[in-house]
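Read through the structure below, which is laid out as structure tokens, and then see the notes.
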Amino acid sequence: MANGCGNDPVCSAFVGLFQEAAWAPLVASVITIVLIIVIAIVVRKLSQRVITRVVNRAASGTSITGRLRRTQATDGIDALLHERRKQRAETMGSVLRHIASIVIMGTAILTVLDRLTIPIAPLLTSVGILGVAIGFGAQELVKDFIAGMFMLLEDQYGVGDVIDTGAAIGTVEAVTLRVTRLRDADGRVWYIRNGTITRVGNESQGWSRAYIDVPVAYDADVPEVRELLKRVTEELWSDHDYRESVIVEEPAVYGIEQISDTSVIFRVSAKTLPSKQAEVARELRLRVKAALDGAGIALAA
């Protein structure tokens, strides 16, 4: 403590250069504080550059439909997936940059205050009490932000997905750390706080499934109907407008799904690209009706 630097080796080194000067401790302290601030700024810049580079790499992920035949449909899905990855990466990058800035600059400020012999214990205590008070007063806001962060990290849903949140069903138009914006089938826009979403049903992740039920009369020839439906699914799978561009696996005829005293119900299923199940189901209905009409088989009521 004799040289006014305490245990600070940087300050002591500067004082050693000017042993005869009374102002040496003051200049050394100023230089030390400037160095602390400069180092903090440099470290902050480097951390943000690293985070930005990682975010850019995460946002430019590869296409999951690369193995399928390129069509306007797959291009549109890739565009949605890219936008989804980009939004998730940018949101998490923004959070990480803010956290890094707060930690680095906060540490630098506390170090400078300690270097100026300002007691930081009462300050830390006051900040802790203030944080607890804010936490109690903004519990719902904190809950929304935490839920939003985990939702983005776990990739539960993204822009373009059709989801069921319980409160509303619709297409995701925007996702932030606090709210999710949906547009339902009627065009109504829903703003749902992330902290209130307890479960999510996502119809657009990975793949979807289209299926139709075909009711025929109870006395219909079951093997004949089954064979007819198999021919329909094979023709659809052979159609280059659908195979591997909308449908990702050969459609299947499950056979008899239900039976009653008036009808027998067959089920036809097809695995499709995300959100394409309605389009495939409509095409299946058209082809099945045409095939049944051609074979003279009537649908049951």
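Read in order, the letters of the sequence shown are residues 490 to 790 in my numbering.
Ideal Cβ placement from N, Cα and C applies to all residues, glycine included.
Assigned secondary structure, residue i (DSSP; H/G/I helix, E/B strand, else coil)
i: residue 659; result: strand
i: residue 787; result: coil
i: residue 718; result: helix
i: residue 749; result: coil
i: residue 654; result: coil
i: residue 690; result: strand
i: residue 534; result: helix
i: residue 777; result: helix
i: residue 609; result: coil
i: residue 633; result: helix
i: residue 643; result: coil
i: residue 710; result: coil
i: residue 666; result: coil
i: residue 648; result: coil
i: residue 684; result: helix
i: residue 489; result: Lying before the first or after the last residue shown, residue 489 is absent from the chain, which here runs from 490 to 790.
i: residue 695; result: coil
Check whether residue i and residue j have beta carbons under 8 Å apart
i: residue 740; j: residue 714; result: no
i: residue 761; j: residue 735; result: yes
i: residue 633; j: residue 683; result: yes
i: residue 695; j: residue 763; result: yes
i: residue 746; j: residue 702; result: yes
i: residue 766; j: residue 697; result: yes
i: residue 773; j: residue 725; result: yes
i: residue 786; j: residue 711; result: no
i: residue 699; j: residue 622; result: no
i: residue 532; j: residue 607; result: no
i: residue 645; j: residue 689; result: yes
Same chain, Cβ closer than 6 Å to residue i, five either side skipped, listed in chain order
i: residue 686; result: 654
i: residue 659; result: 671, 672, 673
i: residue 539; result: none
i: residue 873; result: Residue 873 is absent from the model: the chain starts at 490 and stops at 790.
i: residue 738; result: 760
i: residue 780; result: 717, 721
Sequence-distant residues of its chain with Cβ nearer than 8 Å to residue i (five each side left out)
i: residue 784; result: 713, 717
i: residue 537; result: 586, 589, 590
i: residue 750; result: 707
i: residue 609; result: 599, 602, 603
i: residue 666; result: 580, 584, 633, 634, 637, 638, 641, 683
i: residue 526; result: 597, 601
i: residue 562; result: For residue 562, the predicted structure reports a pLDDT of 48, less than 50, and the residue's modelled location is therefore unreliable. A value from the coordinates is still provided. 734, 735, 762, 765.
i: residue 529; result: 593, 594, 596, 597
Residues near residue i in its chain [Cβ-Cβ closer than 7 Å; skip 5 each side]
i: residue 743; result: 756, 758
i: residue 629; result: 684
i: residue 551; result: Low confidence applies to residue 551: its pLDDT is 49, below 50, so where it sits in the model is not reliable enough to give any reading.
i: residue 732; result: 726
i: residue 657; result: 671, 673, 679, 681
Residues bridged to residue i (per DSSP)
i: residue 705; result: 753, 788
i: residue 700; result: 758
i: residue 671; result: 661, 679
i: residue 742; result: 757
i: residue 586; result: Per DSSP, none; premise fails for residue 586.
i: residue 736; result: 732, 761
Practice task
State whether the segment 584-602 contacts the segment 518-529, with contact taken as three or more CB pairs (one from each stretch) at a distance under 8 Å.
Solution key: Touching, per the Cβ criterion.
Practice task
Could you say if the segment 708-726 and the segment 670-678 meet the contact criterion of at least three C-beta pairs nearer than 8 Å?
Solution key: no
Exercise for the section: Evaluate the contact criterion for the segment 576-590 versus the segment 633-649: three or more CB pairs, one atom per stretch, below 8 Å. Expected result: yes
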